[in-house]
Structures are given as C-alpha cells and as structure tokens.
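Residue numbers (UniProt numbering): 1 to 132. Backbone N, C-alpha and C define an ideal beta-carbon position, used for all residues, glycine too. These figures come from a predicted structure and were not determined experimentally. This report refers to the structure that appears directly beneath it.
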Amino acid sequence: VDEPYLGMPSREYLLRPFNDSDVQAYYKYQLGMAELLGADRKTAERELKEAIEFEAEIAKITVPLAERSNYTKLYNKMTLYELQMVAPEIPWYEYINTMIHPLFSIGTTEPIVVNNLDFFKKIGKLINETPK
Numbered sequence: 001v002d003e004p005y006l007g008m009p010s011r012e013y014l015l016r017p018f019n020d021s022d023v024q025a026y027y028k029y030q031l032g033m034a035e036l037l038g039a040d041r042k043t044a045e046r047e048l049k050e051a052i053e054f055e056a057e058i059a060k061i062t063v064p065l066a067e068r069s070n071y072t073k074l075y076n077k078m079t080l081y082e083l084q085m086v087a088p089e090i091p092w093y094e095y096i097n098t099m100i101h102p103l104f105s106i107g108t109t110e111p112i113v114v115n116n117l118d119f120f121k122k123i124g125k126l127i128n129e130t131p132k
C-alpha cells in the first residue's frame, strides 16, 4: 500500500500558492474538462479550487521524491488489521479487497507492505478535518 499519485508531475507543484502559474494552468485545465462534461461554471470554479487545496494538503504529507529511496523509512511490513488500527478512518479491508477482487482477496491477518506509514497516520486525520 502506498501514498497516491497526485494530479501534477510532482508534489512540489502543489506546494506552491494557488495563484502560481502552473497551479492556475492545472486549475483551468480541470475547469475546462468539467465544463465539457456539463458542469455549471461557478460551481466548478468553487469545487475545483477546494479540490486542488485538498490535493495540496495531501501533497504536504507525502514523501518528497528524493526521500523515496529510503527503504528503511518507507518499508513497513504489517497486517491489514494493524494498518486498520493505525489509520482507522479508512475501511482498509473493504477498500483493498474491492481493488483486487475478483482475482484475489486478502484477510486481516495476512502481511502487507505499507510504504510511508506516516502518510497513512495523517491521511485519516486530514479526511476527518476536511468538509465534504
């Protein structure tokens, strides 16, 4: 289990202010796509700004690319049950089994590898603190 890929090429882009030209280009691209799919412009402007701000908060708790080669820090072998205890805000058993179904299933006592355990400790808190 690993932290997510973000919508921009690297987390550093999302750590910039919202008015940064690259962040604005990303926002305008998403806004254009939303409009093509029939979204109301004012609603899309507000909700996509909030989505990018949330993605920026996620970027803050991810590991910088330069540190992703530190296997000692990133490699955490544990059971699915232990992950659930570390980050109880997310239904890990259901989530992972939905992702790998129908080819596989995993029980709560089977070992898994969790990359960047610190991220998973923080993401639940972020989800709980974020409206919507």
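In terms of Cβ geometry, Ala56 and Leu15 form a close pair [threshold 9 Å].
In this structure, Thr109 lies away from Gln84, with their beta-carbon atoms at least 9 Å apart. Cβ neighbours of Gln24 within its own chain (closer than 8 Å, five residues either side excluded): Phe18. Residue range 80-86 is occupied by the alpha helix (DSSP H) that includes Tyr81. Shown here for Leu48: same chain residues with a beta carbon closer than 7 Å to its own, the five before and five after excluded, namely Tyr27, Gln30, Leu31, Ala34 in chain order.
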